[in-house]
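30 is the number that this note's numbering gives to position 28 of the sequence shown; each next residue is one higher, with no gaps.
First comes the structure, then the notes that go with it.
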Amino acid sequence: IIEKTWIKEIRSWPSPRPEDEGTSLVVAAISDLPRRHGRVGAELGFELRLGMPVTQLNAIVGDLKSVEIVDGASLIWQLRMIKSAAEVSKIKKAVDIAGAVYAQVPDFVKIGDTERTIFREFRGRLNMGGASAIPTLICRSDVGGPFEITGGPRDRPIADGDLLFIDTGTTFDGYFCDYDRNYQVGRATDALRYAHEKVWEAHEIGLQSATAGVTAGFVFEQMAKALSSGGADLNSNGRMGHGLGLRLTEPPSIRLEDNTVLQPGMVLCIEPALEYEPGKIVLHEEIVVVTERKAQLLTARAPKQLARIR
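Have a look at this one:
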């Protein structure tokens, strides 16, 4: 840690020490800080996590006599939403590691392989490609498209007529990518091909509309209009994208009610989805960085025609 950080003073203790697992050190460090207002903003709010038990946080708050711990989420996200060039480069590296494996899927996956087998092979290739960690990896399939796209892999063999969905939140040096790819297994129905192209076209509109100065809600609205023109029911689409960085999901949310104004340096996952038949979902996801002009793709754009597994 000392070799990697610019922080000059590091306070440590012999862990494990359940009776005082660093609590007194944190209290002392905060109490020693110069201050004007006596308030410290902590990661207490939306999309934030503290790396300590709630009981320890309560103990710290109770022991601080002249300092108040408050939610610093609004300030933290103002700072984190805008990425530096160095941060974007780390996200891009994670994107490229995943992208290389996505491109290999038609070569190492064949009809009859199980979701679990594909999952293991995909994860292994991510590791070999340089991933720092793989907190999220989803591999699901079903005839015409999976309905459940957040669960773990099953022992289900992929078969002719399936849509194979793979989504990963792979990290490089702490920064996430988050995007998926869809693969046609054998022959696809006309309905699936139409739905895929419909989502791809809506995605294109979303990517083009994600420019500095518009709101996140505006981007959602443009994609929703494109999808609803095909008769889609969008009531279940709470959002169609989100920010990305040190967390897999960050503000803003690409949802109608989000009035966050897009600014250069924001990294966004844009992901329209369509349940084109009951229980059959097509979801596309790409990652962009907002610039002064149009958004710049960090992912290699998925093809309009489904990649095929034979």
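All residues carry an ideal CB built from backbone N, CA and C; glycine is no exception.
Here H244 carries a strand assignment [DSSP, helix/strand/coil].
Contact annotation: the stretch 80-99 touches the stretch 168-186, with at least three C-beta pairs closer than 8 Å. The DSSP-derived three-state label of E287 is coil.
DSSP, read as helix, strand or coil, puts V201 in helix. E223 and R249 have their C-alpha atoms spaced approximately 25 Å apart.
By the Cβ test, the stretch 160-167 is in contact with the stretch 177-194, since at least three Cβ pairs between them sit closer than 8 Å. The beta carbons of K10 and F149 sit no closer together than 8 Å. At the C-beta level, F124 and V103 come within 8 Å of one another. In the structure shown, the three-state DSSP call for Q265 is coil.
In the structure shown, the three-state DSSP call for S134 is coil.
Going by DSSP, I160 is part of no alpha helix (DSSP H) at all; its letter is neither H nor E.
With 16 or more neighbouring CB atoms inside 10 Å of its own CB, I140 falls in the buried class.
Taken in chain order, the complete beta strand (DSSP E) segments of 3 or more residues contained in the stretch 50-119 are 70-73. In the three-state reduction of the DSSP assignment, S14 falls in the coil class, being assigned neither a helical nor a strand state. D182: not part of any alpha helix (DSSP H); member of the beta strand (DSSP E) spanning Y181 to V187, first to last residue. With fewer than 16 other Cβ atoms inside 10 Å of its own Cβ, P55 counts as exposed. The beta carbon of A275 is closer than 8 Å to those of V201, N239, M242, I283, V284, L285 and H286 in its chain, skipping five residues each way along the sequence. The straight-line gap separating the alpha-carbon atoms of A193 and A88 is approximately 43 Å. If you compare the alpha carbons of R195, C271 and A226 with that of G247, the shortest gap goes to C271. CA-CA distance, V72 to G40, rounds to 10 Å. In the three-state reduction of the DSSP assignment, I311 falls in the strand class, which pools E and B.
From the listed residues E252, S33, A204 and R118, the smallest Cα separation to Q80 is found for E252. One thing to note: K85 has its Cβ within 8 Å of the Cβ of G267.
In the three-state scheme derived from DSSP, where H, G and I count as helix and E and B as strand, R303 is classed as coil.
Here E288 is buried. Its C-beta has 16 or more other C-beta atoms within 10 Å.
Annotation for L27: the continuous alpha helix (DSSP H) segment containing it runs T25 to D34. The Cβ-Cβ distance between I256 and A218 falls below 8 Å. Taking a C-beta distance under 8 Å as the contact criterion, I311 and K112 qualify as a contact pair.
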